[in-house]
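First residue of the sequence shown? That's 1434 in this note's numbering, and the numbers climb one at a time after it.
Don't be surprised by glycine CBs; every beta carbon is placed ideally from N, CA and C.
Step one of this worksheet: look at the structure below.
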Amino acid sequence: LYLLLAGNLESNFNKLEIFFDTRPGGQNRLRGDNPDVDFGGLNRMGDDGSGNGLTFDPDFEADFWIGVTGGGSPYRLYVNYAELGSPGVGLYLGNTSAASDGVLVDGNNPFGIRATINNSNVAGVTGGFGLDSGAGVLTGIELAIPLSALGNPTTPFIKVTAFINGVGHDFLSNQVLAGIGGGGNLGEPRLVNFGSIVGNQYFAAPVPEPSSLSVVLLGLGAWALRRRKG
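Right, here's the structure in full:
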């Protein structure tokens, strides 16, 4: 599975969260007992014991997650992975430089997932609450994911949802696949319910045969995390 998430990701360790629905069952509302990965980042979005937790569209049940973040000088891109469930599987896949060949180093990457970033786009989508088009953006984050890392899907379609989150996985932006129709940042992930937003907050694509699929996320843009005070 080849993904191009077009736009850019701030070099301040904001998170790109990608969830995959690849088989029957899964989590429509994120539980709080998923694998401890990325310093608890995945579970930061899940149920804290009060019955909350990030909730997807009614027909989306997450099975796998990939988290991407980057920053530092020199810049490094870091990638984490989880198969949801208890115990599930949580892995730090490794890191790479910008504009690399995608090979991740210094991690545990049994599937050979690759990732890289071209952060050169700075004008595709502006900050704020309005609607912008990123249709002309051809650079961003690229991932090459063997289907074995997604449970060798047997369903006709792979559903993908992606969004930009804060440094602590704790402040969900308004940059969401496939778009929320404008408006402000969504805030606390545990209180977000994509089912209450008009339209599907995911992209569905046929399972690639043999393995050739590109999914483009329009609207990552030059999003900047701004918390409201007061």
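Beta-bridge pairing by DSSP links residue 1513 to 1500 and 1525. Rounded to the nearest angstrom, the gap between the Cα atoms of residue 1635 and residue 1476 is 21 angstroms.
Contact between residue 1438 and residue 1582 does not hold, since their C-beta atoms are separated by about 17 angstroms, which reaches or exceeds 8 angstroms.
Within the DSSP secondary-structure output, residue 1445 pairs in a beta bridge with 1504.
In the displayed model, residue 1548 falls within a strand according to three-state DSSP. Looking at the DSSP output, residue 1639 shares a beta bridge with 1590. Annotated as distal: residue 1527 and residue 1513, with beta-carbon spacing of 7 angstroms or more.
Ranked by how close their Cα comes to the Cα of residue 1627, the residues 1435, 1468 and 1461 have 1461 in first place. CA-CA distance, residue 1452 to residue 1487, rounds to 11 angstroms.
Around the beta-carbon of residue 1586, 16 or more other beta-carbon atoms lie within 10 Å, marking it buried. Counting along the chain, residue 1475 sits inside the alpha helix (DSSP H) bounded by residues 1474–1477.
Taking all protein chains shown into account, residue 1604 has 16 or more neighbouring C-beta atoms within 10 Å of its C-beta and is therefore buried. Under a 10 Å Cβ-count criterion, residue 1609 is classified as buried, with 16 or more other Cβ atoms of the shown protein chains found around its own Cβ.
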